[in-house]
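Since the structure comes first, as structure tokens, the remarks are kept for the end.
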Amino acid sequence: MIDVAPSRPARDATARTVVVIVAVLLLTAGVLRILEPGRVAWVQAFLIVFGSLVVQAMPFVLLGAVASAAIEVFVPMNALERLGGLPGWLQLPAAAMAGVAFPICECGSVPVARRLAARGLSPSAAVTFMLAAPVLNPVVIASTFVAYRGRPSLWTMVVGRFALGMVVAMIVGWVIGGRSKEEVLRPRSDESNVALLEPAPPEARWRRLFLHTGNDFVFMGRYLLVGAAAAAMVQTFLPASFVSTLAGTPILDIAVMMGLATVLSLCSESDAFVAASFVQFGPAAQLAFLVTGPMIDLKLAALYAGTFRRGFLPMLVVTVFATTLVGTMWVMVAAG
Amino acid sequence: MKDSVAVRRATHARSQHNASTRTWSPGRIGGGLVLAAWAVLFWFLFLSERDRLYLSTRTSWVVPMGAALLTTAAAGLIASARVRSPRAIGSRQAWVMGLMVLPVVVILAFPPATLGSFSAGKRPGFSSTEIDGSLADAESGPLTLVDVAAARFSKAGEQALARRAGEQVDFIGIVTRFADTKADEFLLTRYIITCCVADATTSLVRVVNVPPGKFQTNDWVEVKGPIYPLGKQVIVDATSVVEVARPATPYLSP
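If you read the protein sequences in the order shown, they are chains A and B.
In terms of the working numbering, the first sequence has 245 at position 215, counting the first letter as 1, and numbering is strictly consecutive.
In terms of the working numbering, the second sequence has 1121 at position 222, counting the first letter as 1, and numbering is strictly consecutive.
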């Protein structure tokens, strides 16, 4: 239970703090209504893109928080210990395949993985699950099928995304190896964690379910906001023509699509439709987009930074980019 | 027997006492209010149909689902907010909760708006030439801006569209002008979204024979006239250009 803060906050919020916060919010609303910043074209574009990202993603963040809370409250510890008790060579494939059973997007899988690691699953298996779930889950596979239906590359994209996503997730898990959760997870201090939890005696399950759900929603939501703001800023100012000129160069086109997936920060349930619209890029580059996006993007980077220790993100970026680059080329060769 | 009854009575009295000493937890109330604020936003978007300004018709189901989930989560957290030994929340935690509510305030206070001509040059052109139906749509039936945009990204699509040269079209979009756009022309722009505005792509057609100075950038207009596909460029020779209100569904979906 790493989420339970053992000590009191350094400085308690007072009634005055609450009044100031409410005043700031009301002032913001008033300024928006009076000054109409939408008259400035880039401000309007930024706010619309930012709004669309958070409106689309926030329900999935909540779904992830519910799944995370359900694991905490309802999944018995020995079930996870059984997964951890599998032979070493079987743990990572089993963790990746467990992602098939969880229809959650990448935002939601982060707290679930954290919870799994905190509950005793090895960090390598937990991270494998975290990376695999947003790629392998049935909703994502279905959306990929719908997006590419009627195209010659349909099965290359659907099967390729599933298989390559699983392989990349397992390779990252293998790179993490036998590190302990203390070496991988960033501890939540009382101040860095929005600790809604009370260090109280055990409560009814339904109370704990809502408690953990609310806690994880606020914890993840703030990182989503930062990531969505960054993505909206990039999308507001990055000219499309700049991207299109790179599409015709082999290997570089794959790298560009991986970079684009990182910048756009789309939800894995919906990114196949966007990837399918980039026909300037070949199937290999589109597949790289579909595998990389759910594992690394701007909003996830913020989430990872708040969840894992400092060295995790660079390791993840290098491993995912390298294995995806090689993997997509291999899939295209195999698919003819 | 008397002893066991006494123990039961004492336990009951203790639980009654504990229950009566439950007080509101500021952290749980704060978290519940954050969830409630988001629930209000989602209900507002759903009931006012403003979700169309952010999401495509394919993904609009997210809004009622999110509203229901957020409402349930908020109600559940507030219902479980009475605890025996509540802790105060930190000042920083309170500000984080305020930050979480800020986008709700911004979206609610921001007047209804759509992507304008500013984004036209920063968005890729829509293309779905390999999707079944795109070519067929360009070959028969009333042409839409989605058909036109999709057909322009392949030889077969261009040829299918070229066969319809001279046919009357009726398009609605926003007026876009670049630095080199002539006074009697504009680019009719419509954004196509598959999931949300973040993945918006453009469909652009060049409209000629427009009364100079009559229409301003970002005006919503309905253009009628014959269409002339010329390779990558598609021209509409306007016989009628009328300013119209923004459509209820401003973004097109493939």
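Note that beta-carbon positions come from the ideal geometry of N, C-alpha and C, so glycine has one too.
Report the three-state DSSP secondary structure of residue i (helix, strand or coil).
i	result
Lys211/A	helix
Arg63/A	helix
Leu122/A	helix
Thr44/A	coil
Leu93/A	helix
Val70/A	coil
Phe115/A	Sequence inspection shows Gly at residue 115/A; the Phe mentioned does not correspond to that position. Coil.
Cys137/A	helix
Phe311/A	coil
Val105/A	coil
Phe80/A	helix
Thr922/B	strand
Leu226/A	Low confidence applies here, because Leu226/A scores a pLDDT of 43, under 50, leaving its location unreliable; read the following figure in that light. Coil, per DSSP.
Gly129/A	helix
Arg951/B	helix
Leu254/A	helix
Phe319/A	helix
Arg238/A	helix
Phe338/A	strand
Gly989/B	strand
Leu998/B	helix
Val356/A	helix
Leu57/A	helix
Leu328/A	helix
Arg181/A	coil
Arg367/A	The shown model of chain A, from 31 to 366, leaves out residue 367/A, and the question about it has no answer.
Leu1151/B	strand
Taking residue i as part of the alpha helix (DSSP H), name the residues at either end of that continuous run.
i	result
Leu940/B	925 to 947
Phe1085/B	Segment 1084 to 1091 is the beta strand (DSSP E) holding Phe1085/B; no alpha helix (DSSP H) there.
Val1045/B	1044 to 1050
Val202/A	184 to 206
Val962/B	961 to 978
Leu290/A	282 to 294
Val169/A	168 to 178
Leu1014/B	Here Leu1014/B belongs to no alpha helix (DSSP H), and DSSP marks it neither H nor E.
Gly1056/B	1054 to 1061
Is there at least one non-hydrogen atom of the ligand SAM closer than 7 Å to the beta-carbon of residue i?
i	result
Pro1125/B	The ligand SAM is not part of this structure, which contains no ligands at all.
Going by DSSP, what residue range makes up the beta strand (DSSP E) through residue i?
i	result
Pro1125/B	1119 to 1129
Glu1142/B	1139 to 1142
Phe1070/B	1067 to 1075
Ser1102/B	1100 to 1107
Ile1134/B	1132 to 1136
Under 8 Å between C-beta atoms, does residue i make it to chain A?
i	result
Phe1017/B	yes
Arg1105/B	no
Glu1029/B	Residue confidence for Glu1029/B is low, a pLDDT of 38 falling below 50, so the modelled location carries little weight; the figure read from the coordinates is stated next. Judged by the 8 Å Cβ criterion, Glu1029/B is in contact with chain A.
Trp1119/B	no
Ala1012/B	yes
Ile1126/B	no
Phe1009/B	yes
Pro1149/B	no
Spell out whether any CB of chain B is found under 8 Å from the CB atom of residue i.
i	result
Asp42/A	yes
Asn245/A	yes
Ala59/A	yes
Ser139/A	no
Ser82/A	yes
Thr47/A	yes
Gln121/A	no
Met288/A	no
Query raised in the report: Does the count of Cβ pairs from the segment 326 to 336 of chain A and the segment 253 to 270 of chain A closer than 8 Å reach three?
Result: The segment 326 to 336 of chain A is in contact with the segment 253 to 270 of chain A.
Query - Contacting positions in the segment 949 to 960 of chain B - beta carbon closer than 9 Å to chain A - result: Within the segment 949 to 960 of chain B, the residues whose Cβ lies closer than 9 Å to some Cβ of chain A are Asp950, Leu952, Tyr953, Leu954, Ser955, Arg957, Thr958, listed in chain order.
Query raised in the report: Hey, is the segment 998 to 1006 of chain B in contact with the segment 1105 to 1114 of chain B, meaning 3+ C-beta pairs nearer than 8 Å?
Result: No: fewer than three Cβ pairs fall under 8 Å.
Requested in this report: Say whether the segment 277 to 293 of chain A touches the segment 70 to 89 of chain A, bearing in mind that this needs 3 or more beta-carbon pairs closer than 8 Å, one atom from each stretch.
Outcome: With the cut-off at 8 Å, the segment 277 to 293 of chain A and the segment 70 to 89 of chain A do not touch.
Query raised in the report: Would the segment 940 to 955 of chain B and the segment 352 to 366 of chain A be scored as touching if the rule is three or more Cβ pairs under 8 Å?
Result: With contact defined as three or more Cβ pairs closer than 8 Å, the segment 940 to 955 of chain B and the segment 352 to 366 of chain A are not in contact.
Query raised in the report: According to a CB-to-CB cut-off of less than 7 Å, which residues of the segment 965 to 993 of chain B neighbour chain A?
Result: Going along the segment 965 to 993 of chain B in chain order, one finds Gly965, Leu968, Leu969, Ala972, Gly975, Leu976, Ser979, Val982, Arg983, Ser984, Pro985, Arg986, Ala987, Ile988, Gly989, Ser990, Arg991, Gln992, Ala993 with a Cβ nearer than 7 Å to chain A.
Requested in this report: Scan the segment 64 to 80 of chain A for residues whose Cβ lies nearer than 7 Å to a Cβ of chain B and list them as they occur along the chain.
Outcome: Cβ contacts with chain B: Glu66, Gly68, Ala71, Trp72, Gln74, Ala75, Leu77, Ile78, Val79.
Query - Touch test, the segment 202 to 212 of chain A against the segment 175 to 190 of chain A, Cβ-Cβ under 8 Å, three pairs minimum - result: With the cut-off at 8 Å, the segment 202 to 212 of chain A and the segment 175 to 190 of chain A do not touch.
Query raised in the report: Three or more C-beta pairs closer than 8 Å, one from the segment 155 to 171 of chain A and one from the segment 191 to 205 of chain A: is that the case here?
Result: In this structure the segment 155 to 171 of chain A lies against the segment 191 to 205 of chain A, because at least three pairs of beta carbons, one per stretch, are closer than 8 Å.
Query raised in the report: Just checking, does the segment 1047 to 1066 of chain B make contact with the segment 1127 to 1144 of chain B on the three C-beta pairs under 8 Å criterion?
Result: Touching, yes, given that three or more Cβ pairs across the two stretches are closer than 8 Å.
**Report entry** Validate contact between the segment 946 to 959 of chain B and the segment 90 to 105 of chain A using beta carbons, cut 8 Å, 3 pairs
**Finding:** Output reads no: the segment 90 to 105 of chain A does not touch the segment 946 to 959 of chain B.
Report task. Identify each residue in the segment 316 to 327 of chain A for which the Cβ-Cβ distance to at least one residue of chain B is less than 7 Å, and report them in chain order. Result -> Correct list: empty, as no residue qualifies.
Requested in this report: Below 9 Å between beta carbons is the criterion; list the residues of the segment 339 to 358 of chain A that meet it against any residue of chain B, in chain order.
Outcome: Those residues of the segment 339 to 358 of chain A that come within reach of chain B (Cβ to Cβ, closer than 9 Å) do not exist; the list is empty.
Query raised in the report: Going along the segment 921 to 937 of chain B in order, which residues come within less than 8 Å of chain A, judged by CB to CB distance?
Result: If the cut-off is 8 Å between Cβ atoms, the segment 921 to 937 of chain B has Ser924, Pro925, Gly926, Arg927, Gly929, Gly930, Gly931, Val933, Leu934, Trp937 near chain A.
Query raised in the report: Which residues, in chain order, does the segment 138 to 166 of chain A contribute to contact with chain B at a C-beta distance below 7 Å?
Result: Residues are counted here when their Cβ sits less than 7 Å from a Cβ of chain B; for the segment 138 to 166 of chain A the count is zero.
Query raised in the report: Okay, do the segment 184 to 196 of chain A and the segment 341 to 349 of chain A touch, 3+ Cβ pairs below 8 Å being the bar?
Result: No, they do not touch.
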